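Presented below is the structure to which this report refers.
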Amino acid sequence: QKAEWAKLKNEATVTKDGVEVELGANIGTPKDLTGVLDNGGEAIGLYRTEFLYMGRDNFPTEDEQFDAYSAVLKGMEGKPTVVRTLDIGGDKELSYLTLPKELNPFLGLRAIRLCLEMPDMFRTQLRALLRASVHGNLKVMFPMIATLDEFRQAKALLLEEKAKLESEGIDVSDSIEVGIMVEIPSAAVMADTFAKEVDFFSIGTNDLIQYTMAADRMNESVSYLYQPYNPAILRLVKNVIDASHKEGKWTGMCGEMAGDEIAIPILLGLGLDEFSMSASSILKARSQLSRLSKADMEGHVDHILGLATSQEVEDYVKNL
Ligand code: PEP
Ligand code: MG
Numbered sequence: 249q250k251a252e253w254a255k256l257k258n259e260a261t262v263t264k265d266g267v268e269v270e271l272g273a274n275i276g277t278p279k280d281l282t283g284v285l286d287n288g289g290e291a292i293g294l295y296r297t298e299f300l301y302m303g304r305d306n307f308p309t310e311d312e313q314f315d316a317y318s319a320v321l322k323g324m325e326g327k328p329t330v331v332r333t334l335d336i337g338g339d340k341e342l343s344y345l346t347l348p349k350e351l352n353p354f355l356g357l358r359a360i361r362l363c364l365e366m367p368d369m370f371r372t373q374l375r376a377l378l379r380a381s382v383h384g385n386l387k388v389m390f391p392m393i394a395t396l397d398e399f400r401q402a403k404a405l406l407l408e409e410k411a412k413l414e415s416e417g418i419d420v421s422d423s424i425e426v427g428i429m430v431e432i433p434s435a436a437v438m439a440d441t442f443a444k445e446v447d448f449f450s451i452g453t454n455d456l457i458q459y460t461m462a463a464d465r466m467n468e469s470v471s472y473l474y475q476p477y478n479p480a481i482l483r484l485v486k487n488v489i490d491a492s493h494k495e496g497k498w499t500g501m502c503g504e505m506a507g508d509e510i511a512i513p514i515l516l517g518l519g520l521d522e523f524s525m526s527a528s529s530i531l532k533a534r535s536q537l538s539r540l541s542k543a544d545m546e547g548h549v550d551h552i553l554g555l556a557t558s559q560e561v562e563d564y565v566k567n568l
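Count along the sequence shown from 1, then add 248; that gives the number in UniProt numbering.
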């Protein structure tokens, strides 16, 4: 099996009926690039930049960030590279940033909320990204977007920093796509409205499942509610994909679900454009997709979304 997968390393990801999809990798640091290339990653679907801020005792400077982002973009040699802006808060803390204690940190000041609250810190990251953009195919992604207003504010800061850099005579790419993670149910429900303004969506199912089912993703006592195949999740996913396609935009998925053997056929049928997963899952997913027909899966989607429970979905897909 491993030998069969290895043969797929330099191949495109094509279904049995000839449809191409993109398989990307999730990374945390520039060091992860080797794994992406060794496993035939066609893109980086999620670069979690928070690791650059963690395990140290002060904020990374603009130049330090520029170096990291440039290294990743150069290493990808023009392949799509989705960099997520800082997603700190929740369970991820920084020793040098004291934030007020919260009763529900996962529902509190985290990710884009914190960045908009601390615009100087955010602007530094945006400048580093913009400067690095000339070294590859950068796509900027904002995490934990709940409202259109948050997206507009974040994008406005990005455009302001771009204008500043240009007035300083610094080159910035003119083709940077700007998108959002869909990991809060409000954004999934309002996807049609978002789709008019964002360039792309990436569905973060790790959080989307947690917030839709109101079940802490780390809490063993309620792990039975952590159901990727629950029709509630699948319907939200469908809503996002359909909304993006209506506006000529694309949708990826960068939560664990994107590399899941049961989920992959469903996501293919729903029309997902990009699957981003840990690098070690890419070749297996490419092999699975080559044996699936998109047209066949499209024919199963209505039935699957009409099923009542997560278990029914799982049983149905296993028996295809
Ligand atoms: C997600 O929420 O699905 C996701 C990819 O982001 P993280 O796991 O970093 O929260
Ligand atoms: Mg998340």
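C-beta atoms are modelled at their ideal positions from N, C-alpha and C, and glycine is treated no differently. Everything numeric in this text was worked out from a predicted model, so none of it was measured.
Could you check the C-alpha separation between residue i and residue j for me, to the nearest Å?
| i | j | result |
| --- | --- | --- |
| A380 | F314 | 6 Å |
| G496 | G417 | 33 Å |
| V388 | D311 | 18 Å |
| E268 | L568 | 21 Å |
| V437 | N487 | 7 Å |
| N454 | T460 | 10 Å |
| T309 | V426 | 23 Å |
Taking C-alpha atoms, which residue in the options lies nearest to residue i?
| i | options | result |
| --- | --- | --- |
| L484 | S471, L334, T499 | T499 |
| V420 | E504, R375, K444 | R375 |
| L399 | Y317, V446, L456, L473 | Note on residue identity: the sequence assigns Phe, not Leu, to residue 399. Out of Y317, V446, L456, L473, V446 has the C-alpha closest to the C-alpha of F399. |
| E522 | A291, L355, K279, G276 | A291 |
| L377 | I457, D368, A316 | A316 |
| H493 | G519, A463, Y474 | G519 |
| F354 | I489, S434, Q458 | Q458 |
| L407 | D422, T395, A394 | D422 |
| A254 | D286, K264, F442, P278 | D286 |
| A411 | L362, A491, G427, R371 | R371 |
| D508 | S535, A491, M302, I489 | S535 |
| S558 | P328, A480, L342, L334 | A480 |
| G303 | T282, V284, G337, S343 | S343 |
| A359 | L321, G326, A402, V382 | A402 |
| P328 | T261, L271, V430 | L271 |
Between which two residues does the beta strand (DSSP E) holding residue i run?
| i | result |
| --- | --- |
| A435 | From DSSP, A435 is part of no beta strand (DSSP E) but of the alpha helix (DSSP H) over 433-437. |
| T333 | From DSSP, T333 is part of no beta strand (DSSP E); its letter is neither H nor E. |
| M429 | 425-430 |
Spell out whether any CB of chain C is found under 9 Å from the CB atom of residue i.
| i | result |
| --- | --- |
| E416 | The question asks about chain C, but that chain is absent: this structure has only one protein chain. |
Identify the continuous alpha helix (DSSP H) that holds residue i and give its terminal residues.
| i | result |
| --- | --- |
| F523 | That residue, F523, is in no alpha helix (DSSP H); its beta strand (DSSP E) goes 522-525. |
| E560 | 558-566 |
| S381 | That residue, S381, is in no alpha helix (DSSP H); it is neither H nor E in DSSP. |
| residue 213 | Any property of residue 213 remains undetermined from this structure, which presents the chain solely from 249 to 568. |
| T460 | 453-461 |
Which partner residues of residue i appear in the DSSP bridge assignment?
| i | result |
| --- | --- |
| V470 | Answer is none; V470 lacks a bridge partner. |
| I292 | A273, T329 |
| G500 | S450, E522 |
| K387 | V330, E425 |
| said: As a quick check of your reading: which residues have a C-beta less than 5 Å from at least one non-hydrogen atom of the ligand MG, in chain order? | reply: E431, G452, D455
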